[in-house]
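Quick notes on the structure that follows.
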Amino acid sequence: MAFPNERYDLLNEYELHDFFVGVWCKGLSVVEAATRLRADLDSATECVWAEIGDGLDGLDADDGVVWIGEQAPGWTLIIQYEGLHIGMGGPQRELSEGGALLYLGWPMLEMEGPEDMEYVVDGRALTSIPLAAPDVRFGPEPDALNRYLDGLPLNRETAVDERLDAAFQLVGRITGRELDAAWLYGSHTRYVIPAAAWDLE
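So for the sequence shown, UniProt numbering puts the first residue at 1; every next one is plus one.
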């Protein structure tokens, strides 16, 4: 029986199925998340995803653009539109300080496949699930998410799109709400991260 890809298929509508970089932050407001990302708070713009690129013609090539909104009780979701900041160690440590985060991303899916799913608590990466080979776990607490995995087809035999869909289900089990059409269709806050804010070399 084929595993339904409802969550991954939803991303097709926003052309996020081949490029997705997202992080769920526990215990942060939208403004606090933007502050920890060192975004320009004056750049805050309420918009829907279809409008996220509007008015960005003057961006520096190394500026980052993120879309931030509360997505589940106690959890704020950041989706990166330009740049890869939220997939990097420095920003992840800042975003998880005093709380936790879940990272899910595939910035070059067709060429490189999905990146590892990361679970970071108070600046410390506890476990990493390589979605290209999800039978493997890395980190000091590799079994930290095992209690949420029951019944999810995260294994080498499962097609990549089904694994990605299962990863979204896993996030929903942890946060209490899956990424859904209501959130993706909604208006959230866009911020610009200045190129000089981080040294990500």
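Virtual Cβ for every residue (Gly too), placed ideally from N, Cα, C. All of these numbers come straight from a predicted model, not from anything done at the bench.
Give every residue of the same chain whose Cβ lies closer than 6 Å to the Cβ of Gly64, excluding the five residues on either side of it in the sequence, and list them in chain order.
Glu82, Gly83, His85, Ile193
What is the residue span of the alpha helix (DSSP H) that Pro107 lies within?
Where Pro107 is concerned, there is no enclosing alpha helix (DSSP H), given that its DSSP letter is neither H nor E.
For Asp135, collect the residues of the same chain with a Cβ closer than 7 Å to its Cβ; drop the 5 residues on either side in sequence, then sort them by chain order.
Asn155, Arg156
Please classify Glu118 as buried or exposed, where buried requires at least 16 other C-beta atoms within 10 Å of its C-beta.
buried
Write down the C-beta distance between Arg36 and Leu95 rounded to the nearest angstrom, noting that I regard them as a contact closer than 8 Å.
5 Å
Take every Cβ of the region 179–198, pair it with every Cβ of the region 38–49, and state whether three or more of those distances are shorter than 8 Å.
yes
Assign Ala48 to one of three DSSP states: helix, strand, or coil.
According to the sequence shown, residue 48 is Val rather than Ala. Three-state DSSP puts Val48 in coil, outside helix and strand.
Per the DSSP calculation, Leu164 is bridged to which residue(s)?
DSSP output for Leu164 lists no bridge partner at all.
Rounded to whole angstroms, what is the Cα-Cα separation between Ala181 and Asp122?
30 Å
How far does the beta strand (DSSP E) with Ser128 in it extend, from its first residue to its last?
124–130
Within 10 angstroms of the Cβ of Tyr103, are there 16 or more other Cβ atoms? Answer buried if so, exposed if not.
buried
Can you give the Cα-Cα distance for Trp183 and Leu10, rounded to whole angstroms?
11 Å
Round the Cβ separation of Glu70 and Gly87 to the nearest angstrom and send it over; I've been treating them as touching at under 8 Å.
About 21 Å separates the two Cβ atoms, so there is no contact after all.
Taking the straight line between their C-alpha atoms, what separation do you get for Trp67 and Glu51?
11 Å
According to DSSP, what are the bridge partners of Ile193?
Gly64
Under the three-state DSSP convention, the category Asp40 falls into
strand
Just the Cα atoms here: how many angstroms apart are Met1 and Gln169?
Confidence in Met1 is poor, its pLDDT being 32 and thus under 50, which makes the residue's placement unreliable; the coordinate value appears in the next sentence. Looking at the two C-alpha atoms, the distance is approximately 18 Å.
Quick one: give me the first and last residue of the beta strand (DSSP E) that Glu94 is part of.
Run containing Glu94: none in the beta strand (DSSP E); it sits in the alpha helix (DSSP H), 89–96.
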